[in-house]
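*Asks:*
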Amino acid sequence: MELSNQLVLGGSVSKPPKLTTSPAGISHLRFVLDHQSEQQEAGYSRRSFVRILVVLGGEAAKQWIHELTVGSQVQVTGFLNRIEDKNGVGKLVLHAQQLVKI
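Residue 41 in the working numbering is what sits at position 18 of the sequence shown, and the numbering runs on without skipping anything.
Pasting the structure below:
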């Protein structure tokens with residue numbers, strides 16, 4: 024049985040997107056997504072705030088660099104992955120498989 028790893032998250036772009044190219048020549052668009060909402064948990068309302076790095080790879084990255092600006096509202100569908108920064112600190116990253124402006 025394959026384990027699921029799928030996330031859909033909507034929010035706004037909070038830092039300017041950056042386009043980079045990997046050593047293998049693959050384009051990657053990186054941006055920070057902020058999500059705020061009110062959720063129900065155990066019968067109570069709870070404020071939810073999420074800030075996560077989103078990475079979109081491939082040819083779509085080149086197309087979206089001109090579409091996204093700080094404040095753009097998007098919905099991202101993708102999977103979570105762990106990366107380590109240059110200091111060895113682990114972070115969760117949302118790897119976008121689908122990106123829609125809302």
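We put the beta carbon where it would ideally sit given N, CA and C, even for glycine.
Quantities reported herein were computed from a predicted structural model and do not represent experimental measurements.
Buried or exposed: L103, going by 16 or more other Cβ atoms within 10 Å of its Cβ?
*Replies:* With fewer than 16 Cβ atoms within 10 Å of its Cβ, L103 is classed as exposed.
*Asks:* Would you identify the three-state DSSP class for E161, choosing helix, strand or coil?
*Replies:* With the chain running from 24 to 125 in the structure shown, residue 161 is simply not present.
*Asks:* For a minimum of 3 consecutive residues, which ranges assigned as the beta strand (DSSP E) are wholly contained in the segment 50-102?
*Replies:* Complete beta strand (DSSP E) runs here, min 3: 50-64, 67-80.
*Asks:* Using 8 Å as the threshold, is the C-beta distance between H51 and G33 below it?
*Replies:* Not a contact, by the Cβ cut-off of 8 Å.
*Asks:* Can you name, in chain order, every residue of its own chain whose Cβ lies under 6 Å from the Cβ of Q98, other than the five neighbours on each side?
*Replies:* Correct list, in chain order: G33, V123, I125.
*Asks:* Quick check on DSSP: helix, strand or coil for E25?
*Replies:* DSSP places E25 in coil when its eight states are reduced to three.
*Asks:* Measuring alpha carbon to alpha carbon, tell me which of E25, P40, L26, Q29 ends up nearest K85.
*Replies:* That would be P40, whose Cα lies nearest to the Cα of K85.
*Asks:* Which value, in whole angstroms, describes the spacing of the CA atoms of N28 and I75?
*Replies:* The alpha-carbon atoms of N28 and I75 are separated by roughly 16 Å.
*Asks:* Leaving out the 5 sequence neighbours to the left and right, which residues in its chain are closer than 6 Å to S60 when beta-carbon positions are compared?
*Replies:* Excluding sequence neighbours, S60 sits near S71.
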